[in-house]
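The structure under discussion appears below in the form of structure tokens.
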Amino acid sequence: MNKLSISLLTILLLSIVSCNKYDSNGNIIKDYEELEKANWILGEWEKKDSLGTLREIWERLDDSTFVGLSYYIQNEKDTLHNEQVELMQNGEHLFYTTTIKGENNDSPIPFQMTKNEDSLLVFENPKHEYPQKIQYKLMKNGSLIATISGKQNGKNSAENYSMNKVK
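Numbering (the numbering used here), first residue to last: 11 to 177.
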């Protein structure tokens, strides 16, 4: 190989290596672009009405995972719904996994992201009984609308939950 070939090969290898980000231990830092597009969901969201309070709390667990807690309290003491949620990026895919106390033998139910735009997240699991689709939409006024939808007892069904950010 001549000097020009060696120089070009060296430049090419350095370019490839320099595209990666490394931590202080020399480990490659992975980019979680799909998860980062969803960072607007972080915080505490709430809906209060005469029947009770629905609250969702989202926090960053690590660079690839957000965790959430959703619960509905009636009469300020009776918890009617309790759900733990994980939003995790694995490779290029973002997964929404929910575990609802008292449902599905308390086993996690995965939904894969099918749409991730500036203010819209859509997750689907066509094999799940109900819902088959979960959607989060950030509205221009700062509120959040969570929608669960799909076929229920052979009929199309959808439920919307509008929440305001409290923290």
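Even glycine gets a Cβ: it sits at the ideal position worked out from N, Cα and C.
Reduced DSSP category for residue i - H, G, I as helix; E, B as strand; rest coil
{"i": "Gly101", "result": "coil"}
{"i": "Leu154", "result": "strand"}
{"i": "Gly160", "result": "strand"}
{"i": "Asp41", "result": "coil"}
{"i": "Lys175", "result": "strand"}
{"i": "Lys47", "result": "helix"}
{"i": "Asn179", "result": "This structure does not reach residue 179, given that the chain is present from 11 up to 177, and the question cannot be answered."}
{"i": "Asn135", "result": "coil"}
{"i": "Asn85", "result": "coil"}
{"i": "Asp72", "result": "strand"}
{"i": "Leu18", "result": "Only weak support is given to the placement of Leu18: the predicted model assigns it a pLDDT of 48, under 50, and the question is left unresolved by the model."}
{"i": "Asp116", "result": "helix"}
{"i": "Ser80", "result": "strand"}
{"i": "Thr63", "result": "strand"}
{"i": "Tyr106", "result": "strand"}
Closest residue to residue i among the options (Cα-Cα distance)
{"i": "Asn49", "options": "Ser129, Glu169, Ser172 and Asn166", "result": "Ser129"}
{"i": "Arg65", "options": "Glu54, Met149, Thr75 and Ile158", "result": "Glu54"}
{"i": "Glu4", "options": "Leu90, Asp59 and Phe105", "result": "Any property of residue 4 remains undetermined from this structure, which presents the chain solely from 11 to 177."}
{"i": "Thr63", "options": "Asp73, Lys165, Leu90 and Thr75", "result": "Leu90"}
{"i": "Ser60", "options": "Glu44, Ile83 and Glu102", "result": "Ile83"}
{"i": "Ile144", "options": "Asn126, Val176 and Glu69", "result": "Asn126"}
{"i": "Thr109", "options": "His103, Asn100 and Ser117", "result": "Ser117"}
{"i": "Lys6", "options": "Glu56, Glu139, Gly152 and Tyr171", "result": "Absent from the model: residue 6. The displayed extent of the chain is 11 to 177, so no value can be given."}
{"i": "Asn85", "options": "Asn151, Phe76, Ile51 and Lys58", "result": "Lys58"}
{"i": "Trp68", "options": "Tyr146, Lys161 and Gln142", "result": "Tyr146"}
Per-residue burial, residue i [other beta carbons within 10 Å of its own, 16 or more giving buried]
{"i": "Ala168", "result": "exposed"}
{"i": "Leu154", "result": "buried"}
{"i": "Asn114", "result": "exposed"}
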